[in-house]
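Chains as they are written, first to last, in the UniProt record's numbering: chain A, 1 to 336; chain B, 1 to 336.
Note that CB positions come from ideal geometry on N, CA and C, so glycine has one too.
As the structure is a computational prediction, the values presented were derived from the model and not from experiment.
Protein chains: 2
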Amino acid sequence: MKIVVDAMGGDHGPVVTVPGAIEAVNDYNIEIILTGDQEKIQKELDKYSYSKERIKIIHCSEEISNEDKPVAAIRRKKDSSMVVGLNLVKTKEADAIISAGNTGALLAGGLFILGRIKGIDRPALAPVYPTTEGVAVLIDGGANADCRPRNFLEFGIMGDVYASKVIGIQNPNVCIVSIGVEEGKGNEITKESYKLCKEKARFNFGGNVEARDIPSGYADVIICDGFTGNVILKLTEGIASTIFGALKEEFTKNILRKLGAVILKSGLKNFKKRFDYTEYGGAPFLGVQGNLIKAHGSSNAKAIKNAIRQAKTFVENNVVEHIEMEIKELGEDGLD
Amino acid sequence: MKIVVDAMGGDHGPVVTVPGAIEAVNDYNIEIILTGDQEKIQKELDKYSYSKERIKIIHCSEEISNEDKPVAAIRRKKDSSMVVGLNLVKTKEADAIISAGNTGALLAGGLFILGRIKGIDRPALAPVYPTTEGVAVLIDGGANADCRPRNFLEFGIMGDVYASKVIGIQNPNVCIVSIGVEEGKGNEITKESYKLCKEKARFNFGGNVEARDIPSGYADVIICDGFTGNVILKLTEGIASTIFGALKEEFTKNILRKLGAVILKSGLKNFKKRFDYTEYGGAPFLGVQGNLIKAHGSSNAKAIKNAIRQAKTFVENNVVEHIEMEIKELGEDGLD
Numbered sequence: 001m002k003i004v005v006d007a008m009g010g011d012h013g014p015v016v017t018v019p020g021a022i023e024a025v026n027d028y029n030i031e032i033i034l035t036g037d038q039e040k041i042q043k044e045l046d047k048y049s050y051s052k053e054r055i056k057i058i059h060c061s062e063e064i065s066n067e068d069k070p071v072a073a074i075r076r077k078k079d080s081s082m083v084v085g086l087n088l089v090k091t092k093e094a095d096a097i098i099s100a101g102n103t104g105a106l107l108a109g110g111l112f113i114l115g116r117i118k119g120i121d122r123p124a125l126a127p128v129y130p131t132t133e134g135v136a137v138l139i140d141g142g143a144n145a146d147c148r149p150r151n152f153l154e155f156g157i158m159g160d161v162y163a164s165k166v167i168g169i170q171n172p173n174v175c176i177v178s179i180g181v182e183e184g185k186g187n188e189i190t191k192e193s194y195k196l197c198k199e200k201a202r203f204n205f206g207g208n209v210e211a212r213d214i215p216s217g218y219a220d221v222i223i224c225d226g227f228t229g230n231v232i233l234k235l236t237e238g239i240a241s242t243i244f245g246a247l248k249e250e251f252t253k254n255i256l257r258k259l260g261a262v263i264l265k266s267g268l269k270n271f272k273k274r275f276d277y278t279e280y281g282g283a284p285f286l287g288v289q290g291n292l293i294k295a296h297g298s299s300n301a302k303a304i305k306n307a308i309r310q311a312k313t314f315v316e317n318n319v320v321e322h323i324e325m326e327i328k329e330l331g332e333d334g335l336d
Numbered sequence: 001m002k003i004v005v006d007a008m009g010g011d012h013g014p015v016v017t018v019p020g021a022i023e024a025v026n027d028y029n030i031e032i033i034l035t036g037d038q039e040k041i042q043k044e045l046d047k048y049s050y051s052k053e054r055i056k057i058i059h060c061s062e063e064i065s066n067e068d069k070p071v072a073a074i075r076r077k078k079d080s081s082m083v084v085g086l087n088l089v090k091t092k093e094a095d096a097i098i099s100a101g102n103t104g105a106l107l108a109g110g111l112f113i114l115g116r117i118k119g120i121d122r123p124a125l126a127p128v129y130p131t132t133e134g135v136a137v138l139i140d141g142g143a144n145a146d147c148r149p150r151n152f153l154e155f156g157i158m159g160d161v162y163a164s165k166v167i168g169i170q171n172p173n174v175c176i177v178s179i180g181v182e183e184g185k186g187n188e189i190t191k192e193s194y195k196l197c198k199e200k201a202r203f204n205f206g207g208n209v210e211a212r213d214i215p216s217g218y219a220d221v222i223i224c225d226g227f228t229g230n231v232i233l234k235l236t237e238g239i240a241s242t243i244f245g246a247l248k249e250e251f252t253k254n255i256l257r258k259l260g261a262v263i264l265k266s267g268l269k270n271f272k273k274r275f276d277y278t279e280y281g282g283a284p285f286l287g288v289q290g291n292l293i294k295a296h297g298s299s300n301a302k303a304i305k306n307a308i309r310q311a312k313t314f315v316e317n318n319v320v321e322h323i324e325m326e327i328k329e330l331g332e333d334g335l336d
């Protein structure tokens with residue numbers, strides 16, 4: 001199995017992508033292709049001992065930065081680490097790609113270079129959301145700000161495949177984020193989507209989930225438009241960081257409290273770990289013709305390694321084929 | 001000043017509304033009218049010593065429950081504690097009303113009985129959102145699931161009046177919740193609303209706020225549709241309760257950790273207090289012709305008292321008149 005790592009992507013570039021790739025090759029039976037600046041990548045590789053047969057560099061003269069306009073960057077920077085990497089997946093020279101680079105560009109590249117799975121109108125980002133029960137899949141995490149009911153049904157199908165085939169949740173409870181659990185509660189789009197899912201879904205459609213019940217793991221797959229998904233993810237991040245900040249402030253106010261905090265150190269560490277995105281790798285962009293994982297821009301080597309592991313699981317479990325099959329089953333209903 | 005308390009509203013009814021009203025009368029220079037079942041209210045009143053001149057009961061033979069359909073309940077239950085209370089505000093026999101009852105019914109009652117302020121298309125709920133800086137006003141907290149740009153502008157106007165005149169924030173930073181700070185980021189409705197606010201706002205329009213920056217208090221007034229507002233409020237509630245649960249679990253795992261937690265008790269208490277809704281009273285329904293405060297359904301006596309204090313501040317600061325004036329300034333631009 002060959003996995004492409006966009007070595008230049010993310011806030012830290014080769015400094016984290018290279019050790020992440022090396023760790024992955026050490027632990028898993030895979031080969032890695034690093035796309036990007038040969039010299040910079042080699043400089044990082046030279047810091048470690050690694051299997052030269054299983055890590056290959058493809059030199060690229062360009063790089064897509066976070067400031068680049070997504071569509072223009074994909075069209076013009078043909079020799080960028082991202083575009084070259086996507087083309088390797090397109091031509092089947094590689095089985096999957098992970099990138100921590102410009103999200104908009106990566107999504108545009110997924111759509112234009114890999115293309116959509118037949119029958120999928122809107123591919124979507126599907127990050128995992130940590131819950132007290134484990135994790136849930138949130139879809140769409142931000143690729144499509146405005147959606148129509150058909151898209152919600154597609155999100156349900158793709159989220160269900162991901163949750164069941166990759167994460168291993170049996171018969172996932174797939175729910176739409178809304179402002180009440182009853183069928184009649186919601187805004188226009190969620191109410192219409194509820195009806196459509198109730199009628200057409202082959203997955204286990206559990207109706208609506210209120211945002212209050214997301215953190216406790218009521219739903220295994222959380223369907224929403226990309227605007228709402230982004231609000232949920234970013235707000236969670238903001239609240240977690242605010243709460244950790246407030247705790248730290250309270251726990252360092254005097255010497256006695258500092259002592260208490262020392263006693264609780266391992267408890268606090270466990271607690272923080274539950275909210276640590278690096279544990280979960282990246283977010284797949286589901287619905288395109290290939291395995292594409294978006295890693296967090298601020299990924300460290302461990303997060304890159306976990307994203308590679310995730311890409312491997314996608315390949316092993318034929319996620320693209322399963323989505324194709326599920327959509328085909330629907331297509332005969334004339335939804336296109 | 002006379003404030004109506006819907007004595008039957010909320011999960012606990014007179015058991016909390018009566019002591020809440022008594023505490024408010026003891027602390028503030030106001031009179032209270034309790035609407036509801038005379039016998040039940042008197043039974044609670046008899047448990048306390050209170051100023052008989054300043055607390056009056058108006059008996060009502062009906063009650064609106066959480067199971068009642070909002071519009072039907074308001075139309076049919078003419079002698080309910082909620083409808084009678086709203087009519088007292090309508091006829092100016094009282095200056096404000098607070099209720100912890102059926103939210104949908106209270107909003108419908110506000111619209112049908114009190115009526116809208118001229119020029120306001122969509123009155124909105126405006127709860128406060130606790131931040132590390134103090135509080136922000138979130139508007140709309142759930143009254144209007146689907147909105148148009150004009151409504152966002154109205155929310156900005158009303159939120160600005162509330163934040164500046166009642167909460168005392170000078171020149172509040174009024175922002176639209178979106179998925180990026182740039183003008184072009186968002187969904188259709190937020191992008192259009194951005195343009196409209198930029199063009200028409202007399203308040204301090206600060207552009208977009210990302211959900212990640214809400215908890216830190218970047219925005220003083222947070223504009224969004226009622227669907228997004230509900231998601232933000234409920235998710236915050238869910239995350240806070242999950243985090244408190246996880247902390248408790250970690251901190252009681254063994255005897256040493258329990259000791260650590262005892263040392264940190266006051267710190268943990270302060271920390272929890274920051275997220276305690278009872279501190280903040282209720283959410284005003286802004287844009288109707290009268291002062292209407294929705295208290296949380298699970299309010300205790302302290303929350304009821306704080307909602308009464310809040311109602312008093314609304315009356316003292318002529319919130320309705322200020323909104324009327326601000327909307328009038330806009331009306332000449334032909335927005336209606």
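Contact under 8 Å by Cβ, residue i with residue j
i, j, result
"residue 2 of chain A", "residue 31 of chain A", "yes"
"residue 65 of chain A", "residue 6 of chain A", "no"
"residue 71 of chain B", "residue 24 of chain B", "no"
"residue 337 of chain A", "residue 9 of chain A", "Lying outside 1 to 336, the shown extent of chain A, residue 337 of chain A is not represented and no answer is given."
"residue 264 of chain A", "residue 112 of chain B", "no"
"residue 94 of chain B", "residue 33 of chain B", "yes"
"residue 228 of chain B", "residue 228 of chain A", "yes"
"residue 181 of chain B", "residue 280 of chain B", "no"
"residue 319 of chain A", "residue 291 of chain A", "yes"
"residue 18 of chain B", "residue 39 of chain B", "no"
"residue 204 of chain B", "residue 230 of chain B", "no"
"residue 131 of chain B", "residue 217 of chain B", "yes"
"residue 55 of chain B", "residue 96 of chain B", "no"
"residue 286 of chain B", "residue 158 of chain B", "yes"
"residue 11 of chain A", "residue 298 of chain A", "yes"
C-alpha gap between residue i and residue j, whole angstroms
i, j, result
"residue 314 of chain B", "residue 294 of chain B", "13 Å"
"residue 257 of chain B", "residue 240 of chain A", "22 Å"
"residue 311 of chain A", "residue 68 of chain A", "26 Å"
"residue 325 of chain A", "residue 282 of chain B", "51 Å"
"residue 201 of chain A", "residue 322 of chain A", "15 Å"
"residue 345 of chain A", "residue 309 of chain A", "Examination of residue 345 of chain A is not possible in this model, given that chain A is present from 1 through 336 alone."
"residue 209 of chain A", "residue 47 of chain A", "49 Å"
"residue 147 of chain A", "residue 84 of chain B", "43 Å"
"residue 268 of chain A", "residue 73 of chain A", "43 Å"
"residue 242 of chain B", "residue 79 of chain A", "46 Å"
"residue 296 of chain A", "residue 238 of chain A", "16 Å"
"residue 15 of chain B", "residue 63 of chain B", "15 Å"
Cβ neighbour criterion (16 or more within 10 Å) applied to residue i
i, result
"residue 289 of chain B", "buried"
"residue 255 of chain B", "exposed"
"residue 331 of chain B", "exposed"
"residue 328 of chain B", "exposed"
"residue 77 of chain A", "buried"
"residue 245 of chain B", "exposed"
"residue 248 of chain A", "exposed"
"residue 26 of chain A", "exposed"
"residue 193 of chain A", "buried"
"residue 306 of chain A", "buried"
"residue 171 of chain A", "exposed"
If you pair each beta-carbon of the segment 163–181 of chain A with each one of the segment 213–226 of chain A, do three or more pairs fall below 8 Å? Three or more Cβ pairs drawn from the segment 163–181 of chain A and the segment 213–226 of chain A lie within less than 8 Å of each other, which places the two stretches in contact.
Closer than 8 Å is the cut-off here; do at least three beta carbon pairs connect the segment 120–130 of chain B with the segment 185–200 of chain B? no
Where the segment 170–204 of chain B meets chain A: residues whose CB sits under 7 Å from a CB there: 177, 179, 186, 187 and 188
The segment 149–161 of chain A / the segment 196–207 of chain A touching (three or more Cβ pairs under 8 Å): yes
Are the segment 202–218 of chain B and the segment 103–118 of chain B in contact at 8 Å, needing three or more beta carbon pairs? no
Output needed in chain order: residues of the segment 203–234 of chain B with a Cβ under 7 Å from some Cβ in chain A. Within the segment 203–234 of chain B, the residues whose Cβ lies closer than 7 Å to some Cβ of chain A are 210, 211, 212, 213, 214, 215, 216, 227, 228, 230, 231, 232 and 234, listed in chain order.
Pair every Cβ in the segment 132–147 of chain A with every Cβ in the segment 158–165 of chain A, then say whether three or more of these pairs are closer than 8 Å. With the cut-off at 8 Å, the segment 132–147 of chain A and the segment 158–165 of chain A touch.
Contact between the segment 294–303 of chain A and the segment 79–91 of chain A (3+ Cβ pairs under 8 Å): no
Could you please tell me which residues of the segment 137–149 of chain B, in chain order, have their CB closer than 8 Å to any CB of chain A? 142, 145 and 146
For the segment 291–316 of chain A, enumerate the residues whose C-beta is nearer than 7 Å to any C-beta of chain B, in chain order. none
May I ask you to list, following chain order, the residues of the segment 242–260 of chain A that have a beta carbon less than 8 Å from some beta carbon of chain B? 242, 243, 245, 246, 247, 250, 251, 253, 256, 257, 259 and 260
Residues in the segment 320–331 of chain A having any Cβ partner in chain B nearer than 7 Å: none
Just by C-beta distance, which residues in the segment 101–119 of chain A are closer than 8 Å to chain B? Result list empty, no residue passes.
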